[in-house]
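Enquirer: For reference, each letter of the sequence shown is one residue, going 235 to 776 in my numbering.
This structure is in structure tokens; I'll ask about it shortly.
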Amino acid sequence: MLTKICLFLICYTMKARPVPILIGAAQYTQPKDANPALDSLGLMVKASLGAFIDTGSNTLRSVVDTVCVINSFSRDDEYLPRALSETLGINPEHAIYSLIGGNSPQMLVNRFARDIAAGRKRAVLLTGAEAIYSMYRASRGRTVLGWQDNVTFQHLRKKNLPANFDTLLRMGCEHEKEILKASGDTYDEPNNAVEEAYDLFLPQFMYPFFETSLRYVSGRGVGEHQYYMGRRYECFSRVASQNPYAWSRKTYSAEELTTATRQNRYIVYPYTIRTIANINVDQSAALIMINDRDADALGIDRSKWVYPMGGAELNNIWHVSQRPRLYDSPAITEAARLALKQSGLSLSDIGIFDLYSCFPSAVDISRQAIGIPEDDPRDLTVTGGLACFGGPGNNYTMHAIASTVNRIRRDCRLKAMVTANGWYNSKHAIGIYGAEPPDNPWEDRDDSAVQKAIDAEALPEPIEQAHGLLTVEAYIIRYDQNGQPERATVIGRMRDCCRALADVRADIGDLGKLERIELVGKAGDVRFDAASGRNWITLSAC
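Written out as structure tokens, the structure is:
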């Protein structure tokens with residue numbers, strides 16, 4: 235009898251627990267010739283209004299107690315959530331501005347799902363936007379922008395700074411440091427001192443290391459792997475061509491994507507312009523989350539309901555040069571396992587994926603880490619990916635989730651997995667979505683033991699002053715604005731297995747040869763140069 239009572243109480247408690255659901259999703263892509271062009275706030279207003287309309291409720295705004303804005307490079311302002319709320323006529327108890335990271339949208343959906351299930355939040359508006367294309371147009375004299383209250387735009391004008399990703403990311407990091415310092419939190423520098431010495435701050439200088447390492451362990455040749463990357467993104471471009479919100483709706487062949495030409499020059503080998511995330515876009519997206527009870531009370535049609543069925547967030551070893559392997563992601567492997575376990579699903583139950591695609595290596599690392607076969611017929615993107623659909627800063631994954639919501643509404647049997655990635659394959663969040671609640675409720679799960687196990691594999695910092703034989707594990711080649719190679723950097727191991735970085739000692743002509751040969755696995759003599767403060771390697775291939 236006592237056992238039956240206990241079982242009843244457990245079942246009642248689980249049933250009574252609020253269940254988080256997504257009830258509103260919207261996206262907006264600003265026309266390229268918009269005049270006047272909306273800035274990030276204006277784009278967020280567009281998407282947020284669309285999300286409210288999507289719910290079908292006229293009274294929902296009155297119960298929204300949380301407004302969260304994803305960090306925006308084109309208007310980096312911690313007061314954005316309040317400004318947006320005032321424009322929308324919302325008075326939220328919680329106004330949140332996220333940190334930098336492409337993992338943020340999915341990480342926050344997971345976080346708010348736990349908050350809603352625990353009764354800490356009632357209804358959440360989550361939105362983000364970038365208007366970097368309009369800033370770019372203005373910098374070229376192609377349009378005039380008012381944007382008087384846009385602190386980022388005004389700072390660029392005052393300091394006469396270029397409106398490019400390098401400038402905006404550095405500004406964003408400095409601002410984030412200030413915010414964290416004011417709140418008593420610490421800022422984790424994306425690079426260690428050795429990585430900084432080799433100017434590896436921008437993501438485009440890190441992901442080619444992953445790509446060349448992946449290529450080597452796959453056994454593919456240089457030309458074969460270029461085609462392999464292109465074939466993957468050819469599929470992505472076909473998806474983007476059918477997406478009304480995509481920034482580029484042109485279908486490209488594998489050769490058009492990966493062959494270096496004047497219109498498609500190398501940025502950092504082995505990546506051309508068409509294979510990297512396109513941040514020069516004007517795009518916004520918004521989601522609305524609530525609990526099932528309030529959704530019923532508000533009369534939200536159940537055909538609108540999409541359930542976050544499972545989720546997890548984990549980081550890889552923070553600094554790239556201290557990861558024992560450059561071609562994998564233990565954080566993705568474990569996060570996918572935890573998310574699937576919560577949902578009660580297996581990988582074979584997932585019908586569609588959106589794998590974060592800032593660079594081709596990000597897709598392949600995710601695919602392998604999750605356990606998706608190379609020849610799997612399931613879609614790996616619902617949008618078209620960051621290169622073709624568009625890469626609106628930290629907010630891309632909100633577009634992926636919004637697209638996923640609409641796919642599940644059209645087919646209630648469909649289950650989806652969305653992955654999100656911040657920095658250099660560093661911060662990861664994964665979500666599972668479907669038209670039914672998860673097997674296991676959202677709760678404040680402690681995954682610290684899993685994170686600790688990942689971190690325990692960290693290598694010491696690379697040798698700053700290396701002397702001796704170094705075997706190359708991965709490499710990059712940087713190019714100037716004319717597509718000419720100007721610098722190559724390698725990551726490798728010394729004879730004692732210690733990690734070291736080095737620039738390649740070679741002239742421009744010899745650097746160009748490196749595009750056609752496999753440098754990984756080759757060894758060369760490395761010496762530290764005090765004048766440059768860097769190691770230099772001499773390779774017979776050069």
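Positions of the beta carbon are idealized from the N, C-alpha and C atoms, including for glycine.
Predicted model only: the values in this text are computed from it and were never measured.
Around the C-beta of T506, are 16 or more other C-beta atoms found within 10 angstroms, so that it is buried, or is it exposed?
Expert: Stepping through the sequence shown from its first residue, residue 506 is reached at position 272. Per the 10 Å Cβ criterion, buried.
Enquirer: Taking 7 Å as the limit between beta carbons, can you name the residues of its chain near D400, skipping five residues before and five after?
Expert: Residue mapping note: residue 400 aligns to position 166 of the sequence shown, counting from 1. Counting only Cβ-Cβ distances below 7 Å, and skipping sequence neighbours, we find L436.
Enquirer: Ignoring anything shorter than 4 residues, give me the alpha helix (DSSP H) runs that lie fully in the segment 676–743, in order along the chain.
Expert: Here the runs fully enclosed are 682–689.
Enquirer: Use the C-beta contact count for S319: other C-beta atoms within 10 angstroms, 16 or more gives buried, fewer gives exposed.
Expert: In the sequence shown, counting from the first residue as 1, residue 319 sits at position 85. So S319 ends up on the buried side.
Enquirer: So, does the segment 667–678 touch the segment 686–702, judging by three or more C-beta pairs under 8 Å?
Expert: Segments in contact, no.
Enquirer: Using the three-state DSSP reduction, which class does S274 fall into: helix, strand or coil?
Expert: The residue given as residue 274 occupies position 40 in the sequence shown. Three-state result, S274: helix.
Enquirer: Is it buried or exposed for R345, if we count other Cβ within 10 angstroms and need 16 for buried?
Expert: As a position in the sequence shown, residue 345 is number 111, starting the count at 1. R345 comes out buried.
Enquirer: According to DSSP, is C592 part of a helix, a strand, or is it coil?
Expert: Within the sequence shown, the letter at position 358 stands for residue 592. C592: coil per DSSP, three-state reduction.
Enquirer: Rounded to the nearest angstrom, what separates S373 and A271 at their Cα positions?
Expert: Within the sequence shown, residue 373 is the residue found at index 139, counting from 1. Within the sequence shown, residue 271 is the residue found at index 37, counting from 1. Distance between the alpha carbons of S373 and A271: 14 Å.
Enquirer: Between H389 and the rest of its own chain, which residues show a CB-CB distance below 6 Å, the 5 nearest in sequence each way excluded?
Expert: As a position in the sequence shown, residue 389 is number 155, starting the count at 1. Excluding sequence neighbours, H389 sits near nothing in its chain.
Enquirer: Verify the contact flag: S637, CB atom, against every heavy atom of the ligand MG, threshold strictly below 7 Å.
Expert: Within the structure as shown, the ligand MG is missing, as the structure has no ligands at all.
Enquirer: What do you get for V378, buried or exposed, if any count of 16 or more other CB atoms within 10 angstroms of its CB means buried?
Expert: For the purposes of this step, residue 378 is taken as residue 144 along the sequence shown, with counting starting at 1. It is exposed - the Cβ of V378 has fewer than 16 other Cβ atoms within 10 Å.
Enquirer: Hey, G290 and Y262: beta-carbon distance below 8 Å or not?
Expert: Residue mapping note: residue 290 aligns to position 56 of the sequence shown, counting from 1. Residue mapping note: residue 262 aligns to position 28 of the sequence shown, counting from 1. No, they are not a contact pair.
Enquirer: I need the DSSP call for L753, collapsed to helix, strand or coil.
Expert: Residue 753 sits at position 519 when you count from the first residue of the sequence shown. Here L753 sits in coil by DSSP.
Enquirer: Taking the beta carbon of S766 as the centre, do at least 16 other beta carbons fall within 10 Å, making it buried, or is it exposed?
Expert: If you number the sequence shown from 1, residue 766 lands on position 532. S766 is exposed by the Cβ-count criterion.
Enquirer: Skipping 5 residues on each side, what residues in its chain have a beta carbon closer than 7 Å to that of I413?
Expert: Here residue 413 is taken as the residue at index 179 of the sequence shown, counted from 1. Excluding positions up to five away in sequence, the list reads E312.
Enquirer: Starting from the N-terminal side, write out each stretch of the alpha helix (DSSP H) that is 4 residues or longer and does not extend beyond the segment 570–635.
Expert: Listed in chain order, they are 594–604 and 619–622.
Enquirer: Looking at the secondary structure, which residues open and close the beta strand (DSSP E) in which I524 lies?
Expert: For the purposes of this step, residue 524 is taken as the residue at position 290 of the sequence shown. From DSSP, the beta strand (DSSP E) with I524 extends over D516 to N525.
Enquirer: Who are the near neighbours of G336 in its chain, counting only those whose CB is closer than 7 Å to its CB and skipping five residues on each side?
Expert: Indexing the sequence shown from 1 puts residue 336 at position 102. Within the same chain, G336 has close Cβ partners Y590, C592, N628, Y630, T631, A654, N655 and G656.
Enquirer: When DSSP labels each residue in this structure, what does G415 get in the three-state scheme?
Expert: Sequence index remark: in the sequence shown, residue 415 carries index 181 (1-based). Residue 415 is actually Lys in this sequence, not Gly. Helix, per DSSP.
Enquirer: Nearest by alpha-carbon distance to G717: which of P626, E568, R496 and P564 is it?
Expert: In the sequence shown, the residue the question calls residue 717 occupies position 483. That would be R496, whose Cα lies nearest to the Cα of G717.
Enquirer: Smallest Cα separation from V780: which of R571, F439 and S563?
Expert: Residue 780 is absent from the model: the chain starts at 235 and stops at 776.
Enquirer: Compare the C-alpha of D598 against each of R761, K411, M369 and S563 and name the closest.
Expert: If you number the sequence shown from 1, residue 598 lands on position 364. When only C-alpha atoms are compared, the closest one is S563.
Enquirer: What do you get for E691, buried or exposed, if any count of 16 or more other CB atoms within 10 angstroms of its CB means buried?
Expert: On the sequence shown, residue 691 is found 457 positions in, with the first residue counted as 1. Answer is exposed; the Cβ neighbour count stays below 16.
Enquirer: Is there contact here, the segment 524–533 with the segment 353–366, by at least three beta-carbon pairs under 8 Å?
Expert: The segment 524–533, when compared against the segment 353–366, does touch it at the 8 Å Cβ threshold.
Enquirer: Is the beta carbon of E568 closer than 8 Å to that of V684?
Expert: Position 450 of the sequence shown, counted from the first residue, corresponds to residue 684. Position 334 of the sequence shown, counted from the first residue, corresponds to residue 568. Yes, these two residues count as a Cβ contact at 8 Å.
Enquirer: Rounded to whole angstroms, what is the Cα-Cα separation between L256 and S447?
Expert: As a working mapping, residue 256 is identified with position 22 in the sequence shown. As a working mapping, residue 447 is identified with position 213 in the sequence shown. If you take the alpha carbons of L256 and S447, they lie about 39 Å apart.
Enquirer: Using the Cα positions of A634 and H553, report the straight-line distance between them to the nearest angstrom.
Expert: The count along the sequence shown starts at 1 and reaches residue 634 at position 400. The count along the sequence shown starts at 1 and reaches residue 553 at position 319. For A634 and H553, the distance between alpha carbons rounds to 27 Å.
Enquirer: Closest by CA to A427, which one among V760, Q699 and D759?
Expert: Walking along the sequence shown from the start, residue 427 turns up at place 193. Nearest C-alpha to A427: Q699.
Enquirer: Considering I350, what are the terminal residues of the alpha helix (DSSP H) in which it resides?
Expert: Against the sequence shown, residue 350 aligns to sequence position 116. Run containing I350: S338 to A352, per the alpha helix (DSSP H) assignment.
Enquirer: Secondary structure at R536, three-state DSSP: helix, strand or coil?
Expert: If you number the sequence shown from 1, residue 536 lands on position 302. The answer is helix: DSSP assigns R536 an H, G or I state.
Enquirer: Let's test the definition: count the other Cβ atoms within 10 Å of the Cβ of N292 and tell me whether it reaches 16, buried, or not, exposed.
Expert: Here residue 292 corresponds to residue number 58 of the sequence shown, with the count starting at 1. The residue in question, N292, is exposed, as its Cβ has fewer than 16 Cβ neighbours within 10 Å.
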